[in-house]
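Here's the structure, in structure tokens; my notes come after.
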Amino acid sequence: MLLLSSPHPKLLLSSPPHKFAFVFFQCPLRDSCNYAYFSPLLNKSTVLKSHTSPHHLTLSSRPQPPKMGFLSHIFLLFAFFCFTFQLSHSRSSPLSSKTTVLDVAASIQTTLNALSSESHTQALSQQDRSSSAASSLSLPLHSRISLHKPSHSDYKSLTLARLERDSARVRSLTTRLDLALQGIATSDLKPVDTGDGLELEEAKGFEGPVISGTSQGSGEYFSRVGIGKPPSPAYVVLDTGSDVSWVQCAPCANCYQQADPIFEPTSSDSFSPVSCENQRCKSLDVFECRNDTCLYEVAYGDGSYTVGDFVTETITIGGVSAKDIAIGCGHTNEGLFIGASGLLGLGGGSLSFPSQLNATSFSYCLVDRDSDSASTLEFNSPLHPNAVTAPLHRNPELDTFYYIGLTGLSVGGELLPIPESAFLIDDSGNGGIIIDSGTAVTRLQTDTYNALRDAFVKGTKDLTSTQGAALFDVCYDLSAKKSVEVPTVSFHFADGKVLPLPAKNYLIPIDSEGTFCFAFAPTPSSLSIIGNVQQQGTRVGFDIANSVVGFFPDQC
Numbered sequence: 001m002l003l004l005s006s007p008h009p010k011l012l013l014s015s016p017p018h019k020f021a022f023v024f025f026q027c028p029l030r031d032s033c034n035y036a037y038f039s040p041l042l043n044k045s046t047v048l049k050s051h052t053s054p055h056h057l058t059l060s061s062r063p064q065p066p067k068m069g070f071l072s073h074i075f076l077l078f079a080f081f082c083f084t085f086q087l088s089h090s091r092s093s094p095l096s097s098k099t100t101v102l103d104v105a106a107s108i109q110t111t112l113n114a115l116s117s118e119s120h121t122q123a124l125s126q127q128d129r130s131s132s133a134a135s136s137l138s139l140p141l142h143s144r145i146s147l148h149k150p151s152h153s154d155y156k157s158l159t160l161a162r163l164e165r166d167s168a169r170v171r172s173l174t175t176r177l178d179l180a181l182q183g184i185a186t187s188d189l190k191p192v193d194t195g196d197g198l199e200l201e202e203a204k205g206f207e208g209p210v211i212s213g214t215s216q217g218s219g220e221y222f223s224r225v226g227i228g229k230p231p232s233p234a235y236v237v238l239d240t241g242s243d244v245s246w247v248q249c250a251p252c253a254n255c256y257q258q259a260d261p262i263f264e265p266t267s268s269d270s271f272s273p274v275s276c277e278n279q280r281c282k283s284l285d286v287f288e289c290r291n292d293t294c295l296y297e298v299a300y301g302d303g304s305y306t307v308g309d310f311v312t313e314t315i316t317i318g319g320v321s322a323k324d325i326a327i328g329c330g331h332t333n334e335g336l337f338i339g340a341s342g343l344l345g346l347g348g349g350s351l352s353f354p355s356q357l358n359a360t361s362f363s364y365c366l367v368d369r370d371s372d373s374a375s376t377l378e379f380n381s382p383l384h385p386n387a388v389t390a391p392l393h394r395n396p397e398l399d400t401f402y403y404i405g406l407t408g409l410s411v412g413g414e415l416l417p418i419p420e421s422a423f424l425i426d427d428s429g430n431g432g433i434i435i436d437s438g439t440a441v442t443r444l445q446t447d448t449y450n451a452l453r454d455a456f457v458k459g460t461k462d463l464t465s466t467q468g469a470a471l472f473d474v475c476y477d478l479s480a481k482k483s484v485e486v487p488t489v490s491f492h493f494a495d496g497k498v499l500p501l502p503a504k505n506y507l508i509p510i511d512s513e514g515t516f517c518f519a520f521a522p523t524p525s526s527l528s529i530i531g532n533v534q535q536q537g538t539r540v541g542f543d544i545a546n547s548v549v550g551f552f553p554d555q556c
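Using full-length UniProt numbering, you'd call the opening residue of the sequence shown number 1 and step up by one each time.
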């Protein structure tokens, strides 16, 4: 008795339901066989008879099972369970192709569109109005370039500026973790004069202000919310690497240019200062008291910062208003936030917006950062049933970051010889890999990156290499190509789950002339980061209640 099955589960999944079947051979005589065909969907069997050769069959259909012995029925039942397991397994652990195609021409065209001087403000407004009505806990999500067109003369200068700011952001994340691991708390800080009469804090043994959060300007994404009562519309940067939300407020001692009018606290009926004795004030990384009101500072690794009053306000998402949300009302703000009114902190700490909202989950889908299209940020929405899932971990030393249970990496279908410990948090809080909406390029520990890079280079020997740029040391000249086939890079998680990346998420253009670079980079830090370039085009969901993160591709 033989069992015929397809070695390609994806082909089975794409077939019509009536083709899901098993075929068994019973050959009591050398040249005479009976073939039992079982359809799980129709729950009936069909007997195929041949008296000469398996290649010449006659078909007869009966609603009842064919007469087979007891062992044949047991084997049939066993085969059916194996088949259903195969289908189930193929859904949770999608098989990835060894190669994937990069559309070179389309990527280059996107770089040209990114420098277009056309205004998309009207399109943004229309998208915001239509999306707001669609769901009360869903709001539009835009790339920065759709709100604020770059002033760079060419795409390469834009890319280099982005990468420089991205490096500053990564430094800010790793420095914040270092502070936490060294046990530097608020009580260990000393005042430093900011020059505007406010005394804020500086860490002993560290130059410059305390780094709390991330720098903006590199691949950030925006959503539109309402601040106050009645709500004043404002674009805010989304940031999973920060907890404190804030907006620029009048009167401004120093404010940067933003798309909307500066928020006026006196126009809001729900504006209320937070007292110094309030626990939310004490939860800030850096705070100061003045006339029993709480002052805050959030400073970033690239020199950007915001300083002002810590207050509670009403935040409106779509048609739903959340009251008594603690935010910063920034009167002195400077840096790379151009276009945005402020920031929406989506981190895991107690002051983050999801925490104050008591959200059980949230998700976002990041469109191409050079695109003016929009997606959504959603709260309390379940993970997609076919999402590739992984454990969501927290670092007891710093609850802001979302650590993910990555177990390995593969290139071209081959799992790399990287120990799982390279992605784990150790007992002291070092190591691990976080997923971050604001970091652009994924950072990996140097040994891990070298293994990934070398495997990719080995699989792209037929491509013309060229000089590296900025933090990229593997680049190619694809100017003569319309498309190329490259090895698939995949993330691996527990229970055999795999997330293959589209080629455009790891081989990206750095100019409009056809230069593409491998969009991963090494870091001397023990902290690894999955950046937004690798997340583009994927619905990333954080199931906070169940400590799970899910990835569902092509859902923007």
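Yeah, the Cβ is synthetic: ideal placement off N, Cα and C, and Gly gets one too.
Checklist entry - At a cut-off of 8 Å, is G308 close to the ligand NAD when judged by its beta-carbon and the heavy atoms of the ligand? => result Of ligands this structure carries none, so the ligand NAD is not represented either.
Item to check | 7 Å CB neighbourhood of R129 in its chain, flanking five on each side removed | outcome: Bear in mind that a pLDDT of 39 at R129, under 50, signals an unreliable position, so the model cannot answer this.
Item to check | Expected contact under 8 Å - CB spacing of L141 and S223 to nearest Å | outcome: 5 Å
Checklist entry - Does DSSP put N430 in a helix, a strand or coil? => result coil
Checklist entry - How would you call C289, buried or exposed, if buried means at least 16 neighbouring beta carbons within 10 angstroms? => result exposed
Next on the checklist: In this structure, how does DSSP classify L424 when only helix, strand and coil are distinguished?
Outcome noted: DSSP places L424 in coil when its eight states are reduced to three.
Item to check | Cβ neighbours of G413 in the same chain (closer than 6 Å, five flanking residues each side left out) | outcome: For G413, where only same-chain residues beyond five positions count, the Cβ hits under 6 Å are K98.
Checklist entry - How big is the Cα-Cα spacing for P553 and I530? => result 15 Å
Checklist entry - Three-state secondary structure (DSSP) at V489? => result Looking at V489 - three-state DSSP - the assignment turns out to be strand.
Next on the checklist: Count Cβ pairs between the region 302-315 and the region 326-343 that sit closer than 8 Å; are there 3 or more?
Outcome noted: yes
Next on the checklist: So, with DSSP's three-state summary, where would you put A545?
Outcome noted: coil
Checklist entry - Ends of the beta strand (DSSP E) at N278? => result No beta strand (DSSP E) holds N278; DSSP gives it neither H nor E.
Next on the checklist: Using C-beta distances below 6 Å, list every residue in its chain close to T327, excluding the 5 sequence neighbours before and after it, in chain order.
Outcome noted: The identity of residue 327 in the sequence shown is Ile, whereas the question assumes Thr. Cβ within range, chain order: S245, W246 and E313.
Checklist entry - Helix, strand or coil for S167 per DSSP? => result helix
Item to check | Separation of E220 from L160, as counted between CA atoms | outcome: 15 Å
Next on the checklist: Quick check: what's the CA-CA separation for L415 versus A259?
Outcome noted: 47 Å
Checklist entry - Are there 16 or more other CB atoms within 10 angstroms of the CB of P500, so buried, or fewer, so exposed? => result buried
Checklist entry - From V274, C281 and S242, pick the residue whose C-alpha is nearest to that of Y305; which is it? => result It is S242.
Next on the checklist: Can you list, in chain order, the residues of its chain with a C-beta nearer than 6 Å to that of A250? Leave out the 5 residues immediately preceding and following it.
Outcome noted: I262 and E264
Item to check | Cβ-based burial, P230 [other Cβ within 10 Å; buried from 16] | outcome: By the Cβ-count criterion, P230 is exposed, with fewer than 16 other Cβ atoms from all chains shown falling within 10 Å of its own Cβ.
Item to check | Proximity of D436 and Y402 at Cβ, strictly below 9 Å | outcome: yes
Checklist entry - With DSSP run on the structure shown, which of helix, strand or coil describes S267? => result It is helical.
Next on the checklist: Using a Cβ-Cβ cutoff of less than 6 Å, which residues in the same chain neighbour residue 574 once the five nearest sequence positions on both sides are dropped?
Outcome noted: With the chain covering only 1 through 556, there is no way to say anything about residue 574.
Next on the checklist: Let me confirm a value: T214 is counted as buried when at least 16 other C-beta atoms fall within 10 Å, else exposed. Which label applies?
Outcome noted: Confidence at T214 is low in this model, with a pLDDT of 30, below 50, so the placement of that residue is unreliable and no value is reported for it.
Checklist entry - For residue 585, is the classification buried or exposed, using 16 other Cβ atoms within 10 angstroms of its Cβ as the cut-off for buried? => result Because the chain spans 1 through 556 in this model, residue 585 falls outside it and cannot be assessed.
Checklist entry - Nearest-angstrom Cα distance between Q555 and L377? => result Taking the straight line from one Cα to the other gives about 12 Å.
Next on the checklist: Is it buried or exposed, N395, if we count other Cβ atoms within 10 angstroms and call 16 or more buried?
Outcome noted: buried
Checklist entry - Which residue's Cα is closest to the Cα of P510: V441, F456 and A359? => result It should be pointed out that residue 510 corresponds to Ile in this sequence rather than to Pro. Ranking the options by Cα distance to I510, first place goes to V441.
Next on the checklist: Here's the rule I'm using: 16 or more other beta-carbon atoms within 10 Å means buried, otherwise exposed. How should L112 be labelled?
Outcome noted: exposed
Item to check | Nearest-angstrom Cα separation, counted from S361 out to A545 | outcome: 7 Å
Checklist entry - Can the beta-carbon of L173 be found closer than 9 Å to that of I434? => result yes
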